[in-house]
Amino acid sequence: MGKVWHSIGIGPKVVMTIMVVFSGLLAAGAYLLGQQLHSDLERVLSDQAYIVQKQIEVTRAYVTKEFVVKAKAAGMNTGVDHSAPDTIPFPATFARETSELLAEEGVFNARIVSLAPLNPKNAPQDTFEKEALVALANGQKEFTKNDTVNGKMMFRRATPDLATAQACIGCHEGKKIGDMLGAVSVQIPMDGPAAQLQGNLSNMYMGILAVGVLMMGLLYLMIAKLVVQPMKSLESMAVRARDGDLTGRASVNSQDEIGRTSESFNMMFDRVSEVIASVKTAVSGITTGTSEINAGTSDLAGRTSAQAGALEETSASMEEMTSTIKQNADNAKQANQLAVAAREVAEKGGAVTDKAVEAMDEINKSSKKIADIINVIDEIAFQTNLLALNAAVEAARAGEQGRGFAVVASEVRNLAQRSATAAKEIKTLINESVQKVGGGSELVNRSGQTLAEIVNSVKRVTDIISEISAASQEQAAGIDQVNKAVMQMDQGTQQNAALVEQATSASQSMAQQAEDLLRQVEFFKVQTELGTQRSETTPKTRASVHAQSTGGTGSQYSRAVSSITGAAQGKHSPNKREVAVGVGSSASNGHKKSGDDFFEEF
Numbered sequence: 002m003g004k005v006w007h008s009i010g011i012g013p014k015v016v017m018t019i020m021v022v023f024s025g026l027l028a029a030g031a032y033l034l035g036q037q038l039h040s041d042l043e044r045v046l047s048d049q050a051y052i053v054q055k056q057i058e059v060t061r062a063y064v065t066k067e068f069v070v071k072a073k074a075a076g077m078n079t080g081v082d083h084s085a086p087d088t089i090p091f092p093a094t095f096a097r098e099t100s101e102l103l104a105e106e107g108v109f110n111a112r113i114v115s116l117a118p119l120n121p122k123n124a125p126q127d128t129f130e131k132e133a134l135v136a137l138a139n140g141q142k143e144f145t146k147n148d149t150v151n152g153k154m155m156f157r158r159a160t161p162d163l164a165t166a167q168a169c170i171g172c173h174e175g176k177k178i179g180d181m182l183g184a185v186s187v188q189i190p191m192d193g194p195a196a197q198l199q200g201n202l203s204n205m206y207m208g209i210l211a212v213g214v215l216m217m218g219l220l221y222l223m224i225a226k227l228v229v230q231p232m233k234s235l236e237s238m239a240v241r242a243r244d245g246d247l248t249g250r251a252s253v254n255s256q257d258e259i260g261r262t263s264e265s266f267n268m269m270f271d272r273v274s275e276v277i278a279s280v281k282t283a284v285s286g287i288t289t290g291t292s293e294i295n296a297g298t299s300d301l302a303g304r305t306s307a308q309a310g311a312l313e314e315t316s317a318s319m320e321e322m323t324s325t326i327k328q329n330a331d332n333a334k335q336a337n338q339l340a341v342a343a344r345e346v347a348e349k350g351g352a353v354t355d356k357a358v359e360a361m362d363e364i365n366k367s368s369k370k371i372a373d374i375i376n377v378i379d380e381i382a383f384q385t386n387l388l389a390l391n392a393a394v395e396a397a398r399a400g401e402q403g404r405g406f407a408v409v410a411s412e413v414r415n416l417a418q419r420s421a422t423a424a425k426e427i428k429t430l431i432n433e434s435v436q437k438v439g440g441g442s443e444l445v446n447r448s449g450q451t452l453a454e455i456v457n458s459v460k461r462v463t464d465i466i467s468e469i470s471a472a473s474q475e476q477a478a479g480i481d482q483v484n485k486a487v488m489q490m491d492q493g494t495q496q497n498a499a500l501v502e503q504a505t506s507a508s509q510s511m512a513q514q515a516e517d518l519l520r521q522v523e524f525f526k527v528q529t530e531l532g533t534q535r536s537e538t539t540p541k542t543r544a545s546v547h548a549q550s551t552g553g554t555g556s557q558y559s560r561a562v563s564s565i566t567g568a569a570q571g572k573h574s575p576n577k578r579e580v581a582v583g584v585g586s587s588a589s590n591g592h593k594k595s596g597d598d599f600f601e602e603f
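Residue numbers (the working numbering): 2 to 603.
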């Protein structure tokens, strides 16, 4: 089904779509109209049943008031069987019997029914009457239904039968005025009105269908004239364009959407023809320009490769120089460390010398104190010798009694002499030691001065070596930066070489693509006048590009790109056009627009 639908023309599609919509609307309208007519019929029948019920109620009330009351006052009786001379029928019996007479005439049938009837004939006889009594007993005002009775369609309506007079209460015990005694059931035949309704509907449907068919025919002719024929013209134009023929144009017979679309298609084909002619001329310029770009990039690639080799050698030399300077910086750093260590040792030696000088001074002071003590001992020995001499004199004076004391005195004198001799010798040694300590102190002082001079010299050497080390480090850092710069230059040169190779490959690819593009656009056939202008323009373009190719490589590239861009956009002035001469003219409708306007629209 989908394939069949897609193969149908646009005219039948539109007509079929409108027919489907019209049929749906017709069916919906017919259904709603039928429902409305049925509703109106039921309302009319309901009104008729209401009138019948009111007539029965009024008649029964009138009979009750004017006949039953007066008859009972005159001594007569009421009953279901009113064949006796003194008996008249109940009001309900009167209403039932008169309704039966009307039913025999085929007008309507009405009866009073009750769940507790005085006359068994007034009991419910079918489902409708039973359902009606239950519904009305539950408070419903009326009960209606379309029902089939004895094979005939009937409209049936039941309303409550209320006690409206005292006479009703006299017959129906236990009831009071306003209570429901039963129901008034009315049924009206529907065959006649329904048949008339069906006939009216059939006539209406046939009229609407005839008008619809006539409208569909007129609509099809209008669509074929206003839509299908212009669309077929556009289709023919598109088929020719598919086969490469851009000379076809659609007919424009109106200014509606299809007419404006056809005119726009014609203008678009004019512009496409201009673009194809421009592309053909531009491709020729691109081919020449890419050849020149290819030659320039090849030369640039060779020079870039040579520069890259020189930078590699420079980078290797800089790396060796960097290594040497770093080694010198390391040696200077080690020498600085050794000089600092020597200075520390010299400073420690100076400190030890100072302490030795101080110790010599202390020894000298102690020697002087010892000399003083020896002098005291010498004096004590001298005094002891004098005392021993005096003791010997006194012992000699004492004779035999002092002989022992004389011996002691002699020994004391000997000891004093020996002490004096020892003290003299010690004094002599101490004097010699003091002299030697003094000489040692002088030598130690000279050593301290010498060590101080050594410390100062070592400090100067350390400072110089530190400056050398710092300068070496700065030089190493500078050389490192230079080396990095050279390496970056080397990388940049390598990248430039790669880019030049890519540019060479791209130019070759662009030349190949230009040839492919030229073969593609040659597939299209454009207007004869435009083709003649293109054949005249191509030699001028090639001559212009060849004349521009005598400049430098960079200018050749710029001029080639400028020529290509100008040819594609059609921005050359009339006096300086070298690429797309006469492109702005249309061969069909004579429309003229600039290249910018065209691209904005296209």
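Quick reminder that beta carbons are idealized off the backbone N, C-alpha and C, glycines included. As the structure is a prediction and not an experimental result, all values here were calculated from the model.
Helix, strand or coil for T149? Go by DSSP, reduced to three states.
Residue state for T149 is assigned as strand, using DSSP reduced to three classes.
Counting C-beta neighbours from all protein chains within 10 Å, is the total for G208 16 or more, i.e. buried, or is it exposed?
Exposed.
Classify T354: buried if its beta carbon has 16 or more other beta carbons within 10 angstroms, exposed otherwise.
It is buried - the Cβ of T354 has at least 16 other Cβ atoms within 10 Å.
Which residues mark the beginning and the end of the alpha helix (DSSP H) in which N365 is found?
In this chain, the alpha helix (DSSP H) harbouring N365 covers E258 to A399.
Which word fits F144, buried or exposed, when buried means at least 16 other C-beta atoms lie within 10 angstroms of its C-beta?
Buried, by the Cβ-count rule.
Would you decide whether I126 is buried or exposed? Buried here means 16 or more other CB atoms lie within 10 Å of its CB.
Reading the sequence as shown, one finds Gln at residue 126 and not Ile. By the C-beta density criterion, Q126 is exposed, having fewer than 16 other C-beta atoms within 10 angstroms.
Assign P231 to one of three DSSP states: helix, strand, or coil.
DSSP, read as helix, strand or coil, puts P231 in helix.
How would you label T223, buried or exposed, when you count the other beta carbons within 10 angstroms and need 16 or more for buried?
Per the sequence shown, the amino acid found at residue 223 is Met instead of Thr. By the Cβ-count criterion, M223 is exposed, with fewer than 16 other Cβ atoms from all chains shown falling within 10 Å of its own Cβ.
Among residues of its own chain, excluding the 5 on either side of S367, which ones have a beta-carbon nearer than 8 angstroms to its beta-carbon?
Counting only Cβ-Cβ distances below 8 angstroms, and skipping sequence neighbours, we find nothing.
S473: first and last residue of the uninterrupted alpha helix (DSSP H) it sits in
Segment R404 to V522, the alpha helix (DSSP H) holding S473.
Tell me where the alpha helix (DSSP H) around V253 begins and ends.
Boundaries cannot be given for V253, as no alpha helix (DSSP H) includes it and DSSP labels it neither H nor E.
Taking the beta strand (DSSP E) that L182 falls in, what are its first and last residues?
Looking at the DSSP string, the run of the beta strand (DSSP E) that includes L182 is M181 to P190.
Measure the C-alpha to C-alpha separation of L388 and L452 and round it to an integer number of angstroms.
Rounded to the nearest whole angstrom, the CA to CA distance from L388 to L452 is 57 angstroms.
Contact under 8 angstroms by Cβ, S279 with L247
Not closer than 8 angstroms, so no.
Which of helix, strand or coil does DSSP assign to Q570?
In this predicted model, Q570 has a pLDDT of only 43, less than 50, meaning its place in the structure is not dependable; the value taken from the coordinates is given anyway. Correct three-state label for Q570: helix.
For V53 and A136, believed in contact at Cβ under 8 angstroms, the rounded distance:
In fact, because the Cβ distance is near 19 angstroms, the residues do not count as touching under 8 angstroms.
Would the segment 345-360 and the segment 397-410 be scored as touching if the rule is three or more Cβ pairs under 8 angstroms?
At 8 angstroms Cβ cutoff, the stretches do not touch.
Can you give me the Cβ contacts of I469 inside the same chain, cut-off strictly under 6 angstroms, excluding the 5 residues immediately before and after it?
If we look at I469 and ignore the five residues flanking it on each side, its Cβ neighbours are A333.
Just verifying my parser: in three-state terms, what is the DSSP assignment at K131?
In the three-state scheme derived from DSSP, where H, G and I count as helix and E and B as strand, K131 is classed as helix.
For P13: DSSP bridge partner residues
Answer is none; P13 lacks a bridge partner.
Could you give the residue range of the beta strand (DSSP E) that holds A111?
Run containing A111: N110 to V114, per the beta strand (DSSP E) assignment.
Indicate the three-state DSSP secondary structure (helix, strand or coil) for I89 in the structure shown.
Residue state, collapsed to three classes: strand.
If we count the other Cβ atoms within 10 Å of its Cβ and call it buried at 16 or more, is F524 buried or exposed?
Of the residues assessed, F524 falls on the exposed side of the cut-off, its CB having fewer than 16 other CB atoms within 10 angstroms.
State whether the segment 231-239 contacts the segment 247-261, with contact taken as three or more CB pairs (one from each stretch) at a distance under 8 angstroms.
Output reads yes: the segment 247-261 touches the segment 231-239.
Pick out whichever of I374, I465, G213 and A357 has its Cα sitting closest to the Cα of G439.
The shortest CA-to-CA distance from G439 to any of I374, I465, G213 and A357 is the one to A357.
Residues near T298 by beta carbon distance below 7 angstroms, same chain, minus five either side
These residues qualify, in order along the chain: V501, A504, T505 and S508.
With a threshold of 16 other CB atoms inside 10 Å of the CB of P231, please say whether the residue is buried or exposed.
Buried, since its Cβ has 16 or more Cβ neighbours within 10 Å.
Is it a yes or a no for the segment 360-377 touching the segment 464-484, going by three-plus beta-carbon pairs under 8 angstroms?
The segment 360-377 vs the segment 464-484: no contact.
Are the beta-carbon atoms belonging to T315 and T494 less than 8 angstroms from one another?
Going by beta carbons, T315 and T494 fall outside the 8 angstroms limit.
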